[in-house]
Amino acid sequence: MRQMPWEEWRQEATPTDGRPSLAERRKAALRFEIACEAVRLFTSQGVTATTGAQIAGAVGVSSRTLWRHFPTKESCVLPLLAAGLDFAVTQLRHWPPQMSLLDFFTESRGTGDLPQGTPTILALIRMTSTEPALRAVWLQAHDDALPVLGRLLAERSGGHADDLRVTVHAATLNGALRAAAENFARRYADQPEASYDEFAECLDVALRAASEGLPY
889 MRQMPWEEWR QEATPTDGRP SLAERRKAAL RFEIACEAVR LFTSQGVTAT TGAQIAGAVG
949 VSSRTLWRHF PTKESCVLPL LAAGLDFAVT QLRHWPPQMS LLDFFTESRG TGDLPQGTPT
1009 ILALIRMTST EPALRAVWLQ AHDDALPVLG RLLAERSGGH ADDLRVTVHA ATLNGALRAA
1069 AENFARRYAD QPEASYDEFA ECLDVALRAA SEGLPY
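Numbering-wise (the numbering used here), the sequence shown opens with residue 889 and increments by one.
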């Protein structure tokens, strides 16, 4: 079965007029609940031992309903990964002109909140380092986020998303976001109340490494 890309999932979940209907909000809430229960089961008994039927039962829906929303049990975690990526993209949309990305994130400390379900998201990201199937979903989500970042950077620079320079910058930013998220998840495994400031610190280190360029 096909795995739904992050951007396609977001387009399906977000109406074109920006005003989700009650049905769309319920669908999004159900998908998020499924994702949280999937992570809970994956954490407690492992990905291999967990079945789609168990995830559906934990949420109180039928297996048919589960498979209508997600093509595989591993892809059930996509709403949580999408929440984290959406958070990063939303932050970047507030990046003021004439300000460096490093300065923007430095000044944003103390002003932001992490997305809903952050402890569960971090638990999921930690599992991606040991569960190949979840790693594939995590990497695919970032791969699908690349054109979103490319368009954002192109709009800012006045360039085109297909320009090689824009593509490289988007890939660099994408890699820094992923590395920072993974580092944050590992460093604060025992601190579920970790704040946006701690994440911003990890992102600052990742972005500074990226801005230094390739080593000799």
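All residues carry an ideal CB built from backbone N, CA and C; glycine is no exception.
- prompt: If you draw a straight line from the C-alpha of G948 to the C-alpha of P1020, how long is it?
  reply: The alpha-carbon of G948 is positioned some 28 Å away from that of P1020.
Residue from S1083, E1081, P984 and F975 whose Cα sits closest to the Cα of R1044: P984
query: Can the beta-carbon of T931 be found less than 8 Å from the beta-carbon of A1059?
result: no
field: DSSP-derived helix/strand/coil call for L1102
entry: coil
- request: Give the single residue among P959, P908 and F1087 whose Cα lies nearest to the Cα of P1003.
  value: F1087
- request: Please confirm whether A1064 and L973 have their CB atoms less than 8 Å apart.
  value: No, Cβ-Cβ distance for A1064 and L973 is not below 8 Å.
query: What's the call for A1094, buried or exposed, on a 16-neighbour Cβ count within 10 Å?
result: Result: buried.
task: Answer yes or no: do K961 and T978 have a C-beta to C-beta separation smaller than 8 Å?
output: no
field: Every unbroken alpha helix (DSSP H) inside the segment 900 to 959 [4 residues or more]
entry: 910 to 933, 940 to 947 and 951 to 957
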